[in-house]
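K.L.:
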Amino acid sequence: HKEELEEINQLVQPVEKFFNEDVDSVKIDHEAVIPPETLNGLKELGLFGIQIPEEYGGLGLSNTMYARLGEITSLDGAIAVTLAAHQAIGLKGILIAGNDAQKAKYLPKLATGEHIAAFCLTEPGSGSDAASIQTRATLTEDGKHFLLNGTKFWISNGGWADIMTVFARSEVVDKDGQKKDKITAFIVERAFGGITSGKPEDKLGIRGSNTCEITFEDTKVPIENVIGEVGGGFKVAMNILNNGRFSMGSAGAGMIKRLIELTSEYACTRKQFSRSLSEFGMIQDKFATMTLNAFVMESMAYLTAGMMDRPGVPDCSLEAAMVKVFSSEGSWICVSEALQVLGGLGFTKNYPYERYLRDCRILQIFEGTNEILRMYIALTGMQYAGKILTGKIKYVRNIKNMSLIMSLYLKTIVEEQLVLKKVADVLINLYAMTAVLSRTSRSISIGLRNHDHEVLLTNTFCKDAHFKNNFLLTQLQKSKISSTTLQTISQSLTLECALHTVPITIRLITPFNAMH
1 HKEELEEINQ LVQPVEKFFN EDVDSVKIDH EAVIPPETLN GLKELGLFGI
51 QIPEEYGGLG LSNTMYARLG EITSLDGAIA VTLAAHQAIG LKGILIAGND
101 AQKAKYLPKL ATGEHIAAFC LTEPGSGSDA ASIQTRATLT EDGKHFLLNG
151 TKFWISNGGW ADIMTVFARS EVVDKDGQKK DKITAFIVER AFGGITSGKP
201 EDKLGIRGSN TCEITFEDTK VPIENVIGEV GGGFKVAMNI LNNGRFSMGS
251 AGAGMIKRLI ELTSEYACTR KQFSRSLSEF GMIQDKFATM TLNAFVMESM
301 AYLTAGMMDR PGVPDCSLEA AMVKVFSSEG SWICVSEALQ VLGGLGFTKN
351 YPYERYLRDC RILQIFEGTN EILRMYIALT GMQYAGKILT GKIKYVRNIK
401 NMSLIMSLYL KTIVEEQLVL KKVADVLINL YAMTAVLSRT SRSISIGLRN
451 HDHEVLLTNT FCKDAHFKNN FLLTQLQKSK ISSTTLQTIS QSLTLECALH
501 TVPITIRLIT PFNAMH
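Residue 148 in the UniProt record's numbering is what sits at position 148 of the sequence shown, and the numbering runs on without skipping anything.
In structure tokens:
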């Protein structure tokens, strides 16, 4: 929309200026804290309420515009995580599942940054298996409050959050009258009492962000602070996480584009063998890799954001998961390539590459590990494929592979993780191809001046992705054998501690030994 584009253009310039002039990323990383003056600057720019509606004091921007600002905020990993933990997951439950009273009470101060939000799901005994959380919420005898007891782990913003979205087990009576334990989502104020934050974790990257353990001891939560229904918390948690993942694509692209700027300047001025580094083929290949990845990440992120902005709140959880996996792994590759161009200099703290490398490693872990998300992508895709297989197999060239997988494994497919990984990679490549083709087709149709460059990038990526998918589909036909082989190797190591021996310790075979 024209009005929204004008608004975002007005926002982008001051935000870029702030990050370029007022954010000291070296200091933030070294001291492992974001200075108060930096946080205040972020608040003044409205960056704590990007998607909170204007009626509650926020900017009220769409997912597309949120992604655009994410390209800039990603220039400092600690700040990006702090902002994302606050609004992409911390307050998101109130925004998408809260009632009018909850929104009116909490969103205004969250929008200004006066209150900071956190998302409390992970526990010491439950990471990827979110359904196994043990924190309990017990209804008081008068039925007016829940008493919250338990410990949450790896909580971003946990040390300074005023408002927390907390997930806990509570007793629910089903329609048939049976009592069951189900997960419920709560809005918890630090002011309720009984809340203790642990010491901030000393992390590899995103060091300036606050990550700690939070313990709840008989924390008294009003029944009015239940988000959604009692027992409906797991769905709320999944909806929150699914809504937040798409922005990782634009964040990764923003970081990579900054690295390309820094690295290209060095490559053009650094001389070796009487030539600039930029003239050497292998260096050019690294820049091509970075440019291509940034282009694909951007395309996937904005395609997904555009779909999420459509009326009716469409379910884009599958697409968002694919954006997250592709972008997190692509970012890691690109930072490594950029560092390699600088050689030894890139390995020092005098340059930002080592910090970017440390910061971006977390992207493959939080908001759902890439392994769990690959399972989700593959199983969701196959569930849909199963519905359309009947009567259509003969019309689709490679759908026989999906049919073969289903016939081989039937109900055991959930346990075949190595098979599902390949299926997920095929689907991710297909979605990435769809995104770049869609973007480039639009560029051609409206006559953008750089459409020739986009055509080149799209052709290059699609050819490579097509080759990879053909290889993966071929592997899927042999997957039963390869999976068994890898499992045998793994079991030998984990169960028998049978690590291969060092080559020089192998006993020499003499002619006599050979005869016997």
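Positions of the beta carbon are idealized from the N, C-alpha and C atoms, including for glycine. Predicted model only: the values in this text are computed from it and were never measured.
Suppose the cutoff is 8 angstroms on Cβ atoms and the five residues either side in sequence are ignored; what does the same chain contact list for L410 look like?
P.N.:
In this prediction, L410 scores a pLDDT of 49, lower than 50, which makes its location untrustworthy; no coordinate-derived value is stated.
K.L.:
Taking the C-alpha atoms as reference points, what is the distance between A131 and F234?
P.N.:
Near 7 angstroms, if we compare the C-alpha coordinates of F234 and A131.
K.L.:
Can you give me the C-alpha to C-alpha distance between V396 and T151, rounded to a whole angstrom?
P.N.:
Residue placement at V396 is flagged as unreliable, the pLDDT there being 47, under the threshold of 50; the coordinate-derived value follows with that caveat. Near 51 angstroms, if we compare the C-alpha coordinates of T151 and V396.
K.L.:
At 4 residues or longer, what runs of the alpha helix (DSSP H) sit wholly inside the region 332 to 389?
P.N.:
Those alpha helix (DSSP H) runs which fall completely within the region 332 to 389 and span 4+ residues are 353 to 360, 370 to 388.
K.L.:
Give a yes or no on whether 7 angstroms exceeds the smallest Cβ distance from N350 to chain B.
P.N.:
Here chain B cannot be found, since the structure has a single protein chain.
K.L.:
Hey, K92 and G244 are a contact pair by Cβ (cut 8 angstroms); roughly how many whole angstroms apart?
P.N.:
Contact flag correct, Cβ pair sits at about 7 angstroms.
K.L.:
Along the chain, where does the beta strand (DSSP E) that runs through P222 open and close?
P.N.:
Note, P222: beta strand (DSSP E), 211 to 222.
K.L.:
Whole angstroms is fine: what's the gap from T474's alpha carbon to M382's?
P.N.:
Approximately 17 angstroms, taken between the alpha carbons.
K.L.:
Return the first residue and the last residue of the beta strand (DSSP E) that T196 is part of.
P.N.:
That run of the beta strand (DSSP E) goes 195 to 197.
K.L.:
Find the nearest neighbour of C334 within the set G57, E123, A378, G254, judged by alpha-carbon distance.
P.N.:
Ranking the options by Cα distance to C334, first place goes to G254.
K.L.:
Regarding S278 and the ligand ATP, is the C-beta to nearest heavy atom distance less than 6 angstroms?
P.N.:
Here there are no bound small molecules, and the ligand ATP is not part of this structure.
K.L.:
For E454, collect the residues of the same chain with a Cβ closer than 6 angstroms to its Cβ; drop the 5 residues on either side in sequence, then sort them by chain order.
P.N.:
Once the five neighbours on either side are set aside, the close Cβ partners of E454 are T440, S443.
K.L.:
Considering only residues of the same chain and omitting the five flanking positions on each side of S62, which have a CB-CB separation below 6 angstroms?
P.N.:
Within the same chain, S62 has close Cβ partners D309.
K.L.:
On the DSSP bridge assignment, give the partners of G150 in chain order.
P.N.:
Answer is F216.
K.L.:
Helix, strand or coil: how does DSSP classify residue 517 here?
P.N.:
In this structure the chain extends from 1 to 516, so residue 517 is not present and cannot be described.
K.L.:
Using the three-state DSSP reduction, which class does F186 fall into: helix, strand or coil?
P.N.:
Of the three classes helix, strand and coil, the one that applies to F186 here is strand, per DSSP.
K.L.:
Indicate the three-state DSSP secondary structure (helix, strand or coil) for K400 in the structure shown.
P.N.:
Low confidence applies to K400: its pLDDT is 47, below 50, so where it sits in the model is not reliable, and the reading given next is rough at best. Here K400 sits in helix by DSSP.
K.L.:
Taking S126 as the reference, give the member of V296, T138, A465, G368 with the closest Cα.
P.N.:
Residue G368 is the option with its Cα nearest to S126.
K.L.:
Since S170 sits in a beta bridge, which residues does DSSP pair it with?
P.N.:
K182.
K.L.:
Considering only DSSP beta bridges, list what M164 is partnered with.
P.N.:
The partner list for M164 (beta bridge, DSSP) reads A118, V188.
K.L.:
With a threshold of 8 angstroms, are at least 3 pairs of Cβ atoms found where one atom belongs to the region 209 to 224 and the other to the region 175 to 192?
P.N.:
The answer is yes - the region 175 to 192 touches the region 209 to 224, with three or more Cβ pairs under 8 angstroms.
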